[in-house]
Amino acid sequence: MAKNKPEEVYGIDLGTTNSCIALVGDDGLPHVINNADDKYTTPSVVYYDTDQGVVVVGEEAKLQMQGDPERSVAFIKRELGNPNYSRSIDGEEITPLKISAMILKKVVADANAARAEQGKDPITKAVITVPAYFGNTEKELTRRAGELAGLEVLRLIPEPTAAAISYGTTGPDGKIFMVYDLGGGTFDISIMRVKGNDFEELSNDGDHHLGGVDWDIMLLNYALRQHDLGIEYEDIQDSRDVGRMLINAERAKVNLSNNTSVNLNLIYKRKTYITPISRDDFEDLTYDRVDSTIILMKRAIKHSRVPITADDISEIILVGGSSSMPMIRKAVEKAFPKAQIRLDRVKSNKAVAEGAAIYAHRLGVTPPPPPLPSRSYGISCFVDDKEVVSNVLTRKDPIGTESFRMYETRKEGQTSATLAIYENISFDEHTPLLRSTLLASNELTWGVPVPKGTDLKVIMKLSPDGTLRVSGECNGHQATYNVTVTGASENELNEARRDIENKTIL
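Under our numbering, residues 4 to 509 are what the sequence shown spells out, in order.
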C-alpha cells in the first residue's frame, strides 16, 4: 500500500532585509519559490502608495524608499517587541505586527500565484523561522503576523536550526558544530550537537541590532566624513536622500567582496560625491562589528548547557547574506583555527527558508527534539533584603523541561504570596529585577496564617507553543497559572486585521 503524501507546508524565512519562501517538491528536495519579480528573495520593505491607494511590498517598495522614505518602512524585524516603537503614515499607526503580516502576505501570495500557474491549490500552512534569541513576545508577534496574513503557523523554529538542516550537516553522534548567521539586520549564533538524524541545541545567542546594514551605515558615514559635510547617517536618516545613499553603500559593500577597491557614489542635496575606498580600509573601518560577532560566539560557548571549549567545535557554517564578506571568514578562521568553515555563497540567502521547508515536510513523520529557550524564567523574591529575580527555568533547560525551586514565606502570619513572573536573558540563578521583563503577576492564596519561613514551592514548565505553566504550592494549597504572551492586545490585533483586510497589497 502506498504511503500518503505528506501535507504541503511552506517554509518561510521572514528576514530583516529580505524574505524567502520554499517548499519541498515531489522530488523530496526543497525548492525556493521565485516571487512575482522572478527573484528568490523579496525585500522586507513596505511602501504606502497613497496616490494609488495600495501598499507595495518588495523590490518596488525598496526603490520607492530612495525618494519617499516618509512612506516607506524597512528593518521592521528589529522593532518586534519594542514597546516604544511609534510611527504613523497619513494618520495610520504603523506597527511591527502589521508590517510583518503584510510582508508574509505578499510572499505567500506570490508563491500561491506560481502554484496556480501549475494548476496547484494554494497552501495556507507554514513553518516560520525566527532568530534563536527571540523572546516570547517577539515569537508570538511573529506567529500573530502569520495568522493576520491568513496562515496557519504550525511551528516557529530557530533560523540557525533551519540553516543546519538545509546544509545537511551530518556526522557521528556527539559531533558539535556552530551556525553563524549574519543577515541584513540581525545576528544569530547556535551551537548544536548531532544526535541521530537530528540536532540537539546546546546554546544560542545573538544581537537583533547587528547586521549588514550596520556595515552599510559605517561605510556611509566614512564617505560623508571624507567630504567634510558635517553630518552623519543619524542626522539625515529621515531625509529623502538617505534611502538612495544606503542602497549605494550596500552596493559598494557587496562589490568589495569581489574587488580590492570601489567607488562609493552619494547624492546629497542634488550634488554627487565620489568616495574611493579599498577593501583594507573598509575592513579596518568595520572591524569592531566583526569583533562583536566573535565575542558573541565565545559567549555562546561559555553558556553551553554541556561544558565545551572552542576546540570542540568541529564545523562552523556561515549563513546569511552578510556572512559572504571576506572579513567574516578571516575573523572566524582566526578565532577557531581547528574548525572547518563552510560557506556556500549561493545557498547563504536560501538556506534558512529551505531548512524550514524540510522541517515542515518532516513535521508529521519524526518530530524534532525540543530546542533551547532564548530566555530564562523566574519569580521575584528577596535575597539579603534585596529584591531580585530567581530563575526557575534557565536558558540551558530544553523546552518541555519541568523545574522547581523552594522558597520561604517572608512575613509572620502570611495567608498568600504574589508570584510575579519574569523573563530575562541571564543564565544565573539570580538576576537584577531591572534586567528582567514582567510577564504576569498572580496571587497564591492558602487562607490560613503560617509562620515566617514556611516552605513555598514554585514549579515552571515551558511548552513548545510558548505557554509557560507556573504552579505554586504552600501549606497544602496549590494554584496553577498559564502565562501566555500575545505581544499585542485584542484591540491591536483587530485593528491590524481590519487595516490589512481593507488594503490592496502588491
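Heads up, the beta-carbon is just placed ideally off N, CA and C, and yes, glycines get one too. None of these values were measured; they are calculated from a predicted model.
The stretch 120 to 137 makes no contact with the stretch 88 to 97; the number of CB pairs closer than 8 Å stays below 3.
In chain order, Tyr183, Leu185, Leu346 and Ser351 place their CB closer than 7 Å to the CB of Ser326, counting only its own chain and leaving out the 5 sequence neighbours on each side. Ile424 places its beta carbon 8 Å or farther from that of Lys108. The criterion of a C-beta distance shorter than 8 Å is satisfied by Lys399 and Arg308. Gly94 sits in coil when the DSSP states are folded into three classes, being neither helix nor strand. In this structure Leu83 is in contact with Thr145, their Cβ atoms being roughly 7 Å apart against a cut-off of 8 Å. The alpha-carbon of Thr483 is positioned some 32 Å away from that of Ala499.
Shortest Cα-Cα distance from Glu204 to any of Arg243, Glu237 and Ile160 involves Ile160. Look at Gln67 here: in three-state DSSP terms it is helix. Here the stretch 267 to 286 makes contact with the stretch 249 to 257; the two share three or more CB pairs at distances below 8 Å. Straight across, the Cα-Cα distance linking Asp54 with Arg243 is about 18 Å. Distance from the CA atom of Trp449 to the CA atom of Glu411, rounded to whole angstroms, is 14 Å. Bounds of the beta strand (DSSP E) holding Gln417 are Gln417 to Asn427. The Cβ-Cβ distance between Thr404 and Ser379 does not fall below 8 Å.
DSSP, reduced to helix, strand and coil, places Asn485 within a strand of the structure shown. According to DSSP, Ile344 shares a beta bridge with Ile319.
Ile277 sits in a strand when the DSSP states are folded into three classes.
Listed in chain order, the beta strand (DSSP E) elements of length 3 or more contained wholly in the stretch 155 to 216 are 155 to 161, 179 to 185, 190 to 198 and 201 to 210. With contacts defined by Cβ atoms closer than 8 Å, Arg408 and Ser419 do not form a contacting pair. In this model, Ala135 and His306 are separated by some 14 Å (Cα to Cα).
C-alpha of Lys455 to C-alpha of Phe430: approximately 30 Å in a straight line. Cβ neighbours of Pro452 within its own chain (closer than 6 Å, five residues either side excluded): Gly416 and Thr418. Between Arg332 and the set Gln481, Gly199, Leu100 and Val293, the nearest pair of CA atoms involves Val293.
Going by DSSP, Asp52 is part of the beta strand (DSSP E) stretching over Val49 to Asp52. Sequence-distant partners of Gly70 (beyond 5 residues in either direction) whose C-beta falls short of 8 Å from its own C-beta, in its chain, are Arg243, Gly246 and Arg247. Secondary structure of Pro467 (DSSP, three-state): coil. Taking a contact to require three or more Cβ pairs closer than 8 Å, the stretch 8 to 22 and the stretch 213 to 230 qualify as touching. Around the beta carbon of Phe385, fewer than 16 other beta carbons lie within 10 angstroms, which makes this residue exposed. Per DSSP, Ser444 is not a residue of any alpha helix (DSSP H); the beta strand (DSSP E) it occupies stretches across Thr440 to Val453. DSSP lists Lys274 as the bridge partner or partners of Tyr271.
Where Ala313 is concerned, there is no enclosing beta strand (DSSP E), because DSSP gives it neither an H nor an E.
Ranking Arg147, Ala25 and Val59 by CA distance to the CA of Ser492 puts Arg147 first. Asp40 places its beta carbon less than 8 Å from that of Glu62.
Burial of Ala104 is indicated by the presence of at least 16 other C-beta atoms within 10 angstroms of its C-beta. Pairing Ile234 with Leu227 gives a Cβ-Cβ distance under 8 Å. In this chain, the beta strand (DSSP E) harbouring Ser383 covers Ser379 to Val386.
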